[in-house]
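Peer 1: Structure in structure tokens, see below.
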Amino acid sequence: MKQLTNPLAIAAFTRAAVAAGRVPPVRRIKGDSRSADKFVIRGYVELFEEISGIGTHQGRSINSEVVAAILDSLDGQVRSLSEVRILKAHLGEEMAKNVLAVVPDFTLDTCKEERRFIVRFPPNVRDKIRKGVETISVGTLKAPSMNNWMLTALVAWVNVQRQHYALLSASIAIDQKLLEGR
Numbered sequence: 000m001k002q003l004t005n006p007l008a009i010a011a012f013t014r015a016a017v018a019a020g021r022v023p024p025v026r027r028i029k030g031d032s033r034s035a036d037k038f039v040i041r042g043y044v045e046l047f048e049e050i051s052g053i054g055t056h057q058g059r060s061i062n063s064e065v066v067a068a069i070l071d072s073l074d075g076q077v078r079s080l081s082e083v084r085i086l087k088a089h090l091g092e093e094m095a096k097n098v099l100a101v102v103p104d105f106t107l108d109t110c111k112e113e114r115r116f117i118v119r120f121p122p123n124v125r126d127k128i129r130k131g132v133e134t135i136s137v138g139t140l141k142a143p144s145m146n147n148w149m150l151t152a153l154v155a156w157v158n159v160q161r162q163h164y165a166l167l168s169a170s171i172a173i174d175q176k177l178l179e180g181r
């Protein structure tokens, strides 16, 4: 049998094997907040309120939303930007342009009140972030600080999520059949 290298294929294979009763389920590593890797993001109240709102909408904590934003940015925002492109294609270029015209961009320039947020990372995420920032900064004279990189990632996440929500809402408003089951 060939060796699987795709993480999605490995996960699917593992789920199938567990469902078939051939492999015992893998136990999750239990960690607690005290021993988790942490990082203090020096940001702004307005930014964290936006992220909190997105997290509430998605059913996640603000910490989970920050981690999702960071991991998405490390992957080059491939998944989130692909979802936006798919929704644009579904609506059509003209309709998507009209919908996005009313979606304001979030920038740090509008932020006034500073706030610190301690993000708790799942195992091995801090090292992935460090390697990702180092990879991104190769070829530049001065690498961004981890804090500046994270702020940029969070702002990009807020903007993409705003676009995603607006396009998805417009798609559902136009085609109510999207809400029905198969």
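Each residue of the sequence shown is one higher than the last, beginning at 0 in numbering that gives the first Met the number 0.
Think of the CB as a built atom: it goes at the ideal place given N, C-alpha and C, for glycine as much as any other residue.
Whole angstroms are fine: how far does the CA of A172 sit from the CA of E93?
Peer 2: On the sequence shown, residue 93 is found 94 positions in, with the first residue counted as 1. On the sequence shown, residue 172 is found 173 positions in, with the first residue counted as 1. Near 16 Å, if we compare the C-alpha coordinates of A172 and E93.
Peer 1: State the DSSP-derived secondary structure class of R119, mapped to helix, strand or coil.
Peer 2: Locating residue 119 in the sequence shown gives position 120, counting from the first residue. In the structure shown, R119 sits in a strand (DSSP, three-state: E or B).
Peer 1: Please find out if some non-hydrogen atom of the ligand NAD comes closer than 6 Å to the beta-carbon of R84.
Peer 2: Looking at this structure, you won't find the ligand NAD or any other ligand, since it has none at all.
Peer 1: Quick one: grab the DSSP three-state call for E113.
Peer 2: Your numbering for residue 113 matches position 114 in the sequence shown. In the structure shown, E113 sits in a strand (DSSP, three-state: E or B).
Peer 1: Check whether the stretch 153-173 and the stretch 42-50 touch, using three or more Cβ-Cβ pairs below 8 Å as the test.
Peer 2: yes
Peer 1: Using the rule of at least 16 other Cβ atoms within 10 Å of the residue's Cβ for burial, across every protein chain shown, is V159 buried or exposed?
Peer 2: In the sequence shown, residue 159 corresponds to position 160, counting from 1. Looking at its Cβ environment, which holds 16 or more other Cβ atoms inside 10 Å, V159 is buried.
Peer 1: Quick check: the Cα distance between N123 and S79, rounded to an integer number of angstroms?
Peer 2: Working through the sequence shown from its first residue, we reach residue 123 at position 124. Working through the sequence shown from its first residue, we reach residue 79 at position 80. In a straight line, the C-alpha of N123 is about 22 Å away from that of S79.
Peer 1: How big is the Cα-Cα spacing for A15 and E82?
Peer 2: As a position in the sequence shown, residue 15 is number 16, starting the count at 1. As a position in the sequence shown, residue 82 is number 83, starting the count at 1. Across the structure, A15 and E82 are spaced so that their CA atoms are roughly 27 Å apart.
Peer 1: Are the CB atoms of K87 and A100 within a distance shorter than 7 Å?
Peer 2: Start at 1 with the first residue of the sequence shown, and residue 100 comes out as number 101. Start at 1 with the first residue of the sequence shown, and residue 87 comes out as number 88. Taking 7 Å as the Cβ cut-off, A100 and K87 do not qualify as a contacting pair.
Peer 1: At the level of alpha carbons, what is the spacing between N62 and Q2?
Peer 2: Taking the first residue of the sequence shown as position 1, residue 62 is located at position 63. Taking the first residue of the sequence shown as position 1, residue 2 is located at position 3. Rounded to whole angstroms, N62 to Q2 spans 35 Å at the Cα level.
Peer 1: With a cut-off of 8 Å on the beta carbons, I'd call R41 and E113 a contact; round off their distance for me.
Peer 2: One-based indexing of the sequence shown puts residue 41 at position 42. One-based indexing of the sequence shown puts residue 113 at position 114. So it is a contact: roughly 7 Å between Cβ atoms.
Peer 1: Who are the Cβ neighbours of L167 in its own chain at under 8 Å, not counting the five residues just before and after it?
Peer 2: Taking the sequence shown and counting its residues from 1, the one referred to as residue 167 is at position 168. Same-chain partners within the cutoff: L86.
Peer 1: From S170, D74 and V98, pick the residue whose C-alpha is nearest to that of K127; which is it?
Peer 2: For the purposes of this step, residue 127 is identified with residue 128 of the sequence shown, where counting begins at 1. Ranking the options by Cα distance to K127, first place goes to D74.
Peer 1: Can you give me the Cβ contacts of H163 inside the same chain, cut-off strictly under 8 Å, excluding the 5 residues immediately before and after it?
Peer 2: Your numbering for residue 163 matches position 164 in the sequence shown. These residues qualify, in order along the chain: S79, E82, V83 and L86.
Peer 1: On a CA-only basis, which of R115, L70, V98 and V17 is nearest P121? Give me that one, please.
Peer 2: Taking the sequence shown and counting its residues from 1, one reaches residue 121 at position 122. Nearest C-alpha to P121: L70.
Peer 1: CB A8 to CB V102, shorter than 7 Å?
Peer 2: Residue 8 sits at position 9 when you count from the first residue of the sequence shown. Residue 102 sits at position 103 when you count from the first residue of the sequence shown. Contact flag unset, no.
Peer 1: Can you tell me the Cβ-Cβ gap for V65 and I50, rounded? I've got them flagged as a contact below 8 Å.
Peer 2: By one-based count along the sequence shown, residue 65 stands at place 66. By one-based count along the sequence shown, residue 50 stands at place 51. Going by Cβ atoms, the distance from V65 to I50 rounds to 6 Å, so yes, they are a contact pair.
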